[in-house]
Amino acid sequence: VHGRRGKNSNINGVYKRDYSWQGRVDMCYQRAGVAGQKSIFLYFEGEWRMGPSPAQGSVWAFARSSATSPLLIGAAWEVWDGHEVALDPELRVS
Numbered sequence: 003v004h005g006r007r008g009k010n011s012n013i014n015g016v017y018k019r020d021y022s023w024q025g026r027v028d029m030c031y032q033r034a035g036v037a038g039q040k041s042i043f044l045y046f047e048g049e050w051r052m053g054p055s056p057a058q059g060s061v062w063a064f065a066r067s068s069a070t071s072p073l074l075i076g077a078a079w080e081v082w083d084g085h086e087v088a089l090d091p092e093l094r095v096s
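Residue numbering for the sequence shown follows our numbering, starting at 3 and increasing by one per position.
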């Protein structure tokens, strides 16, 4: 995940498949450990989402896509900027 600047730029990073959520969400990836930072998840639950936990319900970014892989998301990401949800055309998963 790359391209996010400003508020919630902590979603940038390398994510690895997390099978511990299997059966609760369709697909889940966890950002590789960054010292001193909380875990961030990229997961599919009707749309692709990024946030602190698939169980918490708090979503920092989402893409309205039903792609079978985050690498195939063609929709623009929408990100909470601290005041509102705004499109971020620079945010990418690759």
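Where is the CB? At the ideal position from N, CA and C, for every residue including glycine.
Determine whether the beta carbon atoms of residue i and residue j lie at a separation below 8 angstroms.
i, j, result
"W82", "D90", "no"
"F46", "M29", "yes"
Can you give me the Cβ contacts of residue i inside the same chain, cut-off strictly under 7 angstroms, excluding the 5 residues immediately before and after it?
i, result
"W62", "N10, I13, M52, G53, V81, W82"
"G84", "K9"
"I75", "W50, A65, S67, A69, V95"
"R19", "Y31"
"K40", "P54"
Thinking residue i and residue j are a contact (beta carbons under 8 angstroms), I'd like their distance in whole angstroms, please.
i, j, result
"Y17", "A34", "7 angstroms"
"W23", "P56", "6 angstroms"
Three-state secondary structure (DSSP) at residue i?
i, result
"L93", "coil"
"W23", "helix"
Roughly how many angstroms separate the alpha carbons of residue i and residue j, rounded to a whole number?
i, j, result
"H4", "R94", "5 angstroms"
"Y31", "G8", "23 angstroms"
"V27", "A77", "20 angstroms"
"G15", "S60", "19 angstroms"
"G38", "G25", "29 angstroms"
For residue i, collect the residues of the same chain with a Cβ closer than 6 angstroms to its Cβ; drop the 5 residues on either side in sequence, then sort them by chain order.
i, result
"E92", "G5"
"V87", "E80"
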